[in-house]
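When we follow this note's numbering, the leftmost residue of the sequence shown carries the number 205, and every step to the right adds one. Note that CB positions come from ideal geometry on N, CA and C, so glycine has one too. Below you'll find the structure, written out as structure tokens, and then a few comments.
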Amino acid sequence: MKSLHKVLDVIETVAREGSIGIRELSARTGFPPATIHRMTSTLVERRYLKQDAVSKRLSLSIQFLELGTRVQQHFSLT
205 MKSLHKVLDV IETVAREGSI GIRELSARTG FPPATIHRMT STLVERRYLK QDAVSKRLSL
265 SIQFLELGTR VQQHFSLT
């Protein structure tokens with residue numbers, strides 16, 4: 205489960221920063237750049253992150269909004 209904690213750290217850091225590069229994400233999380241690259245590649249492939257074609261900066265994708273909408277449909281938010 206340690207790897208899941210790392211992935212959540214990455215997602216939370218990207219969410220906090222709004223847009224972030226691999227090296228900066230590595231510095232913020234303390235994870236090696238190769239580890240960040242592997243994790244973010246999977247998150248981009250699964251459409252949880254998007255990567256700008258020019259700057260290569262990462263940001264959250266609409267996938268999180270879609271998940272939130274599904275949660276909202278199943279639970280009362282009162």
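Selected residue, minimal CA-CA separation from residue i, among the options
i: Arg227; options: Lys210, Lys260, Leu269, Ile266; result: Lys260
i: Thr217; options: Ser207, Gln267, Ala231; result: Ala231
Proximal residues to residue i (C-beta, below 7 Å), its chain only, five neighbours per side dropped
i: Pro236; result: Ser230
i: Ser265; result: Arg251, Tyr252, Leu253, Lys254
i: Gln267; result: Arg251, Tyr252
Three-way DSSP call (helix, strand, coil) for residue i in this model
i: Ile266; result: coil
Residues near residue i in its chain [Cβ-Cβ closer than 6 Å; skip 5 each side]
i: Val248; result: Gln255
i: Gly225; result: Arg261
i: Asp213; result: Thr233
i: Ser223; result: Arg261, Ser263
inquiry  = List, from N- to C-terminal side, the beta strand (DSSP E) runs of 3 residues or more that fit wholly inside the stretch 228 to 263.
reply    = Correct list: 253 to 255.
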